[in-house]
Structures are given as structure tokens and as C-alpha cells.
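Residue numbers (the numbering used here): 10 to 105.
All C-beta atoms, glycine included, are put in the ideal place defined by N, C-alpha and C.
No experiment lies behind these values; they were computed from the predicted model shown.
Okay, so here's the structure we're looking at.
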């Protein structure tokens with residue numbers, strides 16, 4: 010699942026999040042979806058500051074219709090997928 014994600018394929022992780030949500034709805038709501046929604050204002054604040062920021066979360070927070078990526082897009086935030094190398098280069102270049 011993580012190898013797929015790193016290669017740009019989020020389908021296996023999305024399938025697992027769907028299963029997790031179906032099998033453990035209260036746990037999914039409390040540990041994943043409620044937190045995702047609560048983080049959105051923080052992301053907006055980070056973006057408004059124009060400083061370089063990095064957000065690190067678990068894979069299940071990223072995928073699906075209630076994942077961070079979808080929520081950010083719904084709020085009109087720009088979302089761009091970067092490899093670890095690309096992200097590292099951008100952070101490094103932002104400091105120079």
C-alpha cells in the first residue's frame with residue numbers, strides 16, 4: 010500500500026480507508042476524519058503566512074473523499090503531489 014502511494018497510486022490506500030470506515034466507523038470518525046477537518050484552518054494559516062511549512066501525517070489521513078487532499082481541494086486550496094526528493098529540494102530552495 011505504501012509503495013503504491015509512493016508511486017502515485019492511491020487506490021489501495023483508498024480501499025483500505027473505505028474498509029476501515031465501514032468496519033470501524035466510530036474509530037475512523039474520531040481518529041481520522043474529525044482530525045482532518047480540524048487541521049484545515051491550520052493549513053490555511055500556514056499558507057497565508059507565506060513561510061515554508063511542512064505537514065506530516067499518516068497515509069489514511071491523505072486519501073478518500075474525507076481525506077486531507079480532498080478537503081483542501083474543496084476549500085479551494087492548491088494541492089500538488091511531490092515526491093520526497095521534490096519536497097526536499099523545494100524546502101531547501103525556499104531557504105536560499
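With H, G and I counted as helix, E and B as strand and the rest as coil, what does DSSP make of residue i?
i          : result
residue 15 : helix
residue 50 : helix
residue 90 : coil
residue 26 : helix
residue 61 : coil
Given residue i, which residues of its chain have a CB within under 8 Å of its CB, disregarding the five upstream and five downstream residues?
i          : result
residue 25 : 10, 69
Keeping to the same chain, check which residues put their C-beta closer than 6 Å to that of residue i; ignore five residues upstream and five downstream.
i          : result
residue 72 : 19, 22, 23, 26
So residue i and residue j are supposed to be a Cβ contact under 8 Å. How far apart are they, rounded?
i          : j          : result
residue 49 : residue 84 : 6 Å
residue 86 : residue 56 : 7 Å
residue 63 : residue 12 : Wrong, their Cβ atoms sit about 22 Å apart, outside the cutoff.
Taking 8 Å as the cut-off, decide whether the C-beta atoms of residue i and residue j are in contact.
i          : j          : result
residue 65 : residue 45 : no
Who are the Cβ neighbours of residue i in its own chain at under 7 Å, not counting the five residues just before and after it?
i          : result
residue 42 : 75
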